[in-house]
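Asks: Whatever position you read off the sequence shown (first residue = 1), add 27 for my numbering. Note that the Cβ used here is the ideal one computed from N, Cα and C, for glycine as well. Small disclaimer: the values here were computed from a predicted structure and weren't measured.
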Amino acid sequence: YTGGLWVGKFMKTCTYQRVLTDEASTRIGEVCSRLCAIEGFAGHGEQANIRVRRYGGRNVPPYAAIDR
Numbered sequence: 028y029t030g031g032l033w034v035g036k037f038m039k040t041c042t043y044q045r046v047l048t049d050e051a052s053t054r055i056g057e058v059c060s061r062l063c064a065i066e067g068f069a070g071h072g073e074q075a076n077i078r079v080r081r082y083g084g085r086n087v088p089p090y091a092a093i094d095r
């Protein structure tokens, strides 16, 4: 009997996604920017905008949501 307690209860699971192309990174940034604007996360939205500027070559104004 283990009582339902095991070592996995004390471990934090971290997940991630591997982005392989600049185009994919840009698309993720665009969607993330819009979601962050809706939810009011300005700092996270700006991080997404930086991703779009860097990998998509688009001139996105600071702290602005990306339009489709």
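Which residues bound the alpha helix (DSSP H) around T53?
Replies: Your numbering for residue 53 matches position 26 in the sequence shown. It spans 49-66 - the alpha helix (DSSP H) in which T53 sits, taken as one unbroken run.
Asks: Leaving out five residues before and five after N86 in sequence, what residues of the same chain have Cβ atoms less than 8 Å from its Cβ?
Replies: Indexing the sequence shown from 1 puts residue 86 at position 59. Only R80 meet the Cβ criterion.
Asks: Do P89 and E66 have their CB atoms nearer than 8 Å?
Replies: Within the sequence shown, residue 89 is the residue found at index 62, counting from 1. Within the sequence shown, residue 66 is the residue found at index 39, counting from 1. No; because the gap between Cβ atoms is not below 8 Å, this pair is not in contact.
Asks: Can you tell me which of the three DSSP states A92 falls into?
Replies: On the sequence shown, position 65 is the one that residue 92 refers to. Here A92 sits in coil by DSSP.
Asks: Going straight from the alpha carbon of R61 to that of G30, what length do you get?
Replies: Against the sequence shown, residue 61 aligns to sequence position 34. Against the sequence shown, residue 30 aligns to sequence position 3. Straight-line Cα distance between these residues: approximately 45 Å.
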